[in-house]
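A.B. asks: Heads up, this note's numbering is the position in the sequence shown plus 134, with the first residue counted as 1. Note that the Cβ used here is the ideal one computed from N, Cα and C, for glycine as well. Handing you this structure, nothing more for now.
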Amino acid sequence: MNNNGTLLNYVNGQWRPSRAAEHLDVVNPATQERLAQVPLTPAEEVDEAAQAAAAAFPGWRRVPPTERIQPLFRLKRLLEENLDELARTITEECGKTLAESRGEMQRAIENVETAAGIPTLIMGDFVEDIAHGIDELMIRQPLGVCAIIAPFNFPGMIPFWFMPYAVACGNTVLVKPSERVPLTMQKVFALLDEAGFPPGVVNLVNGARETVDALLAHPDIRAISFVGSSRVARYVYAQGAAYGKRVQAQGGAKNPVLVLPDADMEMATRIIADSAFGCAGQRCLAASLAITVGEARHTFAEAIADAAAQRVTGYGLDEGVQMGPLITPRSKGYVEEMIARGAGEGAELLVDGRNARIPGYEQGNFVRPTILQNVHPESAVATTEIFGPVLGLLHVDSVDEAIRLINSGQYGNMACLFTTSGAAARQFRYEAEVGNVGINLGVAAPMAFFPFSGWKESFFGTLHGQGKHAVEFFTQTKVVVERWPKEWSRTF
Ligand code: NAD
């Protein structure tokens, strides 16, 4: 950040002020304090960054993988040493609690650790004698310049689903954080600078929509990794493909959790409350519909209403706070509008979190946990991503009916089941049309060495972020078929 509070880009190993004509305020969602100004980097500066990354690529790809991972080891240490400060920054700009911010950075570090295994992960295949005296091998080579476009809700973690794998595979990258939460990446890039990547290997360009368009159109950029809403994910996927790029685009979600009457109700309630209201419901793996079967209807409704009412809402930096604010006043307005709409559609407001007043933070974008009961399966509140601390309750007569309902949804990010029945669990795992399944878990977030999956409108592409999928995404395969006849051998 420069002296007047404007964020900088990081290009070719140097911090650079943008020549952007437009800037946006970065605002603390709990206090409305202006934290910084973020430049909306124009296309010509995206071009300069892409050119720097393209120039760095030939040298970086020739660095042996065992050496390419050394800056990642240094980065891991630096991230650990600075974890508290990074977590604080996430809370200040994004609103989640300090514990949630720390957890987010922990997963970022785990991705660095996993990517450090690249000498093994990038291995190819070799078959001798595919015909007499002929061998065939497949090697993985990097693509070139890759762009990473992130959403607001995990400012520290999401770029790490991609960046460590991309550079470990020998690519160079441009990262564009969300314009609403760009401070965390500003700090992460200070650590990347210290970690010792050669100039041009990792670059940071701040901005919003026009900056994304410039990345999509740039001829030197070979691949786009995107995470955000489904509307923009679909657009990025289509545009990226039109420009001939490889694209992975993770989108929005509407995650159901199914509670069977044989579930451990105390555990299910605690876990579902954490899933629905953790990060103020601004998680792509937040539970937003709870479907009950049989007598779970009443026991669960009562228990979750209690849990919602008791959740401590406030500023994420304050001790004892369990849930922070929404990202913007607009987002708060939208969530409150959806709650009203749900009630208008016939659902019963079991717990109403609107008009929250948090002493000391009266200007914050707070909505307290909300529960709507007897939500109609086809209503807007049951089918639209709300992205706030709102849980809709629905009741059905059987597991089959619940799975049919889950599979009728447009999204397919996550579905969870709470039961003590192995047979029900197996049926659910087998039949649920989603990319991430939780059994007696409320946030089925894949570890760094598994792909962060997602189906239907929640994902556009083939290969996801993290682990082996990321390695495949960031490499292209080359097959070589070789003949070396014995007659050509010289006698030495
Ligand atoms: P968003 O789609 O508004 O923004 C995401 C990124 O796209 C940002 O960097 C933004 O600058 C850019 N952008 C926004 N509008 C654009 C446009 N018209 N053209 C080009 N680029 C544009 O998403 P958000 O509000 O920042 O994040 C919340 C969304 O992300 C939710 O829908 C959530 O479910 C989703 N999400 C999904 C996952 C997943 O893994 N599937 C993970 C986290 C968040």
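Please list, in chain order, all residues of the same chain as residue 141 whose beta carbon is under 6 Å from its beta carbon, the five residues on each side excluded.
C.D. replies: Excluding positions up to five away in sequence, the list reads 135, 170, 172, 316, 320, 340.
A.B. asks: With a floor of 4 residues, list each alpha helix (DSSP H) that falls wholly inside the region 333-407, ordered by position along the chain.
C.D. replies: Listed in chain order, they are 343-351, 364-376.
A.B. asks: If you check the beta carbons only, do residue 584 and residue 383 fall under 7 Å apart?
C.D. replies: Taking 7 Å as the Cβ cut-off, residue 584 and residue 383 do not qualify as a contacting pair.
A.B. asks: Would you check if the distance between the CB atom of residue 425 and the CB atom of residue 525 is smaller than 7 Å?
C.D. replies: It is not a contact, given that the beta carbons lie outside the stated cut-off.
A.B. asks: Between which two residues does the beta strand (DSSP E) carrying residue 157 extend?
C.D. replies: Where residue 157 is concerned, the enclosing beta strand (DSSP E) stretches over 157-161.
A.B. asks: Mind checking whether the beta-carbon of residue 348 lies closer than 6 Å to any heavy atom of the ligand NAD?
C.D. replies: False, no ligand heavy atom lies under 6 Å from that Cβ.
A.B. asks: Just verifying my parser: in three-state terms, what is the DSSP assignment at residue 149?
C.D. replies: Here residue 149 sits in strand by DSSP.
A.B. asks: State the beta-bridge partners of residue 173 as determined by DSSP.
C.D. replies: Partner(s): 157.
A.B. asks: For the beta strand (DSSP E) that contains residue 422, what are its first and last residues?
C.D. replies: That run of the beta strand (DSSP E) goes 421-427.
A.B. asks: Tell me, which residues are paired with residue 528 by DSSP?
C.D. replies: Residue 528 pairs with 425.
A.B. asks: Whole angstroms is fine: what's the gap from residue 279's alpha carbon to residue 375's?
C.D. replies: If you take the alpha carbons of residue 279 and residue 375, they lie about 16 Å apart.
A.B. asks: Taking the alpha-carbon positions, what's the residue 495 to residue 452 distance?
C.D. replies: So the alpha carbons of these two residues sit roughly 11 Å apart.
A.B. asks: Could you check where the alpha helix (DSSP H) with residue 245 kicks off and where it finishes?
C.D. replies: Per DSSP, residue 245 belongs to the alpha helix (DSSP H) from 232-249.
A.B. asks: If the criterion is Cβ atoms closer than 7 Å, does the pair residue 293 and residue 309 meet it?
C.D. replies: In this structure, residue 309 lies closer than 7 Å to residue 293 by Cβ.
A.B. asks: Just list the residues that DSSP pairs residue 614 with in beta bridges.
C.D. replies: Per DSSP, 271.
A.B. asks: Write down every uninterrupted run of the beta strand (DSSP E) in the region 189-238 whose length is 3 residues or greater and which is fully enclosed by it, in chain order.
C.D. replies: Correct list: empty.
A.B. asks: Looking only at its own chain, which residues have a Cβ that is under 7 Å from the Cβ of residue 175, when we skip the five neighbours before and after it?
C.D. replies: Same-chain partners within the cutoff: 143, 152, 154, 339, 340, 341, 345.
A.B. asks: Between residue 335 and residue 194, is the Cβ-Cβ spacing less than 7 Å?
C.D. replies: Yes, these two residues count as a Cβ contact at 7 Å.
A.B. asks: Whose CA, out of 362, 372, 274, lies closest to the CA of residue 350?
C.D. replies: Minimum Cα distance to residue 350 is reached at 372.
A.B. asks: Terminal residues of the continuous beta strand (DSSP E) containing residue 457?
C.D. replies: Neither: residue 457 is in no beta strand (DSSP E) and is coded neither H nor E.
A.B. asks: Using the Cβ count rule (16 or more neighbours within 10 Å means buried), how would you classify residue 446?
C.D. replies: The residue in question, residue 446, is exposed, as its Cβ has fewer than 16 Cβ neighbours within 10 Å.
A.B. asks: Please check the pair residue 520 and residue 457, which I expect to be a contact at CB under 8 Å, by giving their CB distance rounded to whole angstroms.
C.D. replies: Not quite, the Cβ-Cβ distance comes to about 15 Å (not below 8 Å), so this is no contact.
A.B. asks: Should the region 387-406 be called in touch with the region 423-442, which here means at least 3 C-beta pairs below 8 Å?
C.D. replies: The region 387-406 vs the region 423-442: in contact.
A.B. asks: Please tell me whether, using a cut-off of 6 Å, the distance from the CB of residue 287 to the nearest non-hydrogen atom of the ligand NAD is below it.
C.D. replies: Yes; taking the cut-off as 6 Å, the Cβ of residue 287 has a heavy atom of the ligand NAD nearer than that.
A.B. asks: Using only alpha-carbon positions, find the residue among 391, 357, 352, 366 that is nearest to residue 379.
C.D. replies: The shortest C-alpha separation from residue 379 is found at 357.
A.B. asks: If you measure between the beta carbons of residue 562 and residue 551, is that distance less than 7 Å?
C.D. replies: Closer than 7 Å, so yes.
A.B. asks: Less than 7 Å between the beta carbons of residue 627 and residue 499, yes or no?
C.D. replies: In this structure the chain extends from 135 to 626, so residue 627 is not present and cannot be described.
A.B. asks: May I ask you to check if the CB of residue 418 is nearer than 6 Å to at least one heavy atom of the ligand NAD?
C.D. replies: Checking every heavy atom of the ligand NAD against the Cβ of residue 418, one is found closer than 6 Å.
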